[in-house]
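Student:
Residue numbers (this note's numbering): 21 to 137.
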């Protein structure tokens with residue numbers, strides 16, 4: 021899966037929207053009703069690195085893999101950064117994104133969840 025395909029996949033989830041933040045953040049944030057579930061760095065030297073939230077068990081599993089590290093400032097909340105998305109199978113990335121999206125949706129109020137569905 022390429023970075024562009026991954027961005028399209030994130031934006032296609034129900035209620036998801038992509039918001040581009042310029043300097044100093046330089047990120048493309050994927051969120052649902054104000055709750056973020058993934059983001060891409062848009063500036064060099066970390067351009068198109070992809071970060072998302074995972075469970076505590078998956079955090080340990082993923083950070084042991086080459087090319088995956090705890091997300092800067094967000095690692096303590098079980099966010100990981102994938103340096104090169106092309107190195108991972110598309111179905112595995114899709115599963116990780118859907119899990120992160122589900123965590124974001126679960127943190128919404130009942131009315132917000134109903135508005136998405």
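Backbone N, C-alpha and C fix where the C-beta goes; we use that ideal spot for every residue, glycine too.
Looking only at C-alpha atoms, which of 118, 87, 86, 45 sits nearest to residue 27?
Tutor: Within the chain shown, the letter at position 7 stands for residue 27. Checking every option, the nearest Cα to that of residue 27 belongs to 118.
Student: In the DSSP assignment, what are the bridge partners of residue 101?
Tutor: Position 81 of the chain shown holds residue 101. Looking at the DSSP assignment, residue 101 forms a beta bridge with 71, 89.
Student: Report the three-state DSSP secondary structure of residue 51 (helix, strand or coil).
Tutor: Locating residue 51 in the chain shown gives position 31, counting from the first residue. Reduced to three states, the DSSP call for residue 51 is strand.
Student: Rounded to a whole number of angstroms, what is the C-alpha to C-alpha distance between residue 54 and residue 84?
Tutor: As a first step, residue 54 is located in the chain shown; it is residue number 34 there, counting from the start. As a first step, residue 84 is located in the chain shown; it is residue number 64 there, counting from the start. Cα-Cα distance, rounded: 30 Å.
Student: Let me make sure I understand the geometry here. Which of 62, 87, 89, 129 has the alpha-carbon closest to that of residue 143?
Tutor: Any property of residue 143 remains undetermined from this structure, which presents the chain solely from 21 to 137.
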